[in-house]
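Engineer:
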Amino acid sequence: AKVHNYSAGPCILPQDVFKEASEAVLNFNGIDLSILEISHRSKDFVAVMEEARSLVKELLNLPSNYEVLFLQGGASLAFLTTAYNYL
């Protein structure tokens, strides 16, 4: 039986997701480079981000005049932005 992690952090993903992600780490879109090696400004990576934005907007049913931002920082960033809202 498969072990499931129910603690905070990573979620349970289907094996197909892991397979596709692992292939992208080795050779993304057949360009002989890892997704970890390509520029965040390259057309291949920009396409990934555009698809991610589009899917988030679709899943959350956001209007077209809304933008989606992907930010890193976790709880530390959340605490900081809360303080910035008071400035």
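With our numbering, the residue at position 49 of the sequence shown is 49, and numbering never jumps.
Glycine residues also receive a C-beta, built at the ideal position from the N, C-alpha and C atoms.
Bear in mind that the values here come from a model prediction, so they are computed numbers and not experimental data.
Are the CB atoms of Leu77 and Leu71 within a distance shorter than 8 Å?
Structural biologist: Residue numbering aside, residue 71 sits at position 71 when the sequence shown is read from its first letter. Residue numbering aside, residue 77 sits at position 77 when the sequence shown is read from its first letter. Taking 8 Å as the Cβ cut-off, Leu71 and Leu77 qualify as a contacting pair.
Engineer: Keeping to the same chain, check which residues put their C-beta closer than 6 Å to that of Val3; ignore five residues upstream and five downstream.
Structural biologist: Walking along the sequence shown from the start, residue 3 turns up at place 3. For Val3, where only same-chain residues beyond five positions count, there are no Cβ hits under 6 Å.
Engineer: Looking at the structure shown, is Lys2 part of a helix, part of a strand, or coil, going by DSSP?
Structural biologist: Against the sequence shown, residue 2 aligns to sequence position 2. Assigned with DSSP and collapsed to three states, Lys2 falls in coil, not helix or strand.
Engineer: Please identify the residue among Leu55, Arg53, Ser54 and Phe28 whose C-alpha is closest to the C-alpha of Ser42.
Structural biologist: For this step, residue 42 is matched to residue 42 along the sequence shown. Closest option to Ser42, Cα to Cα, is Phe28.
Engineer: Between the beta-carbon of Leu26 and the beta-carbon of Ser34, is there less than 8 Å?
Structural biologist: For the purposes of this step, residue 26 is taken as the residue at position 26 of the sequence shown. For the purposes of this step, residue 34 is taken as the residue at position 34 of the sequence shown. It is a contact, given that the beta carbons lie within the stated cut-off.
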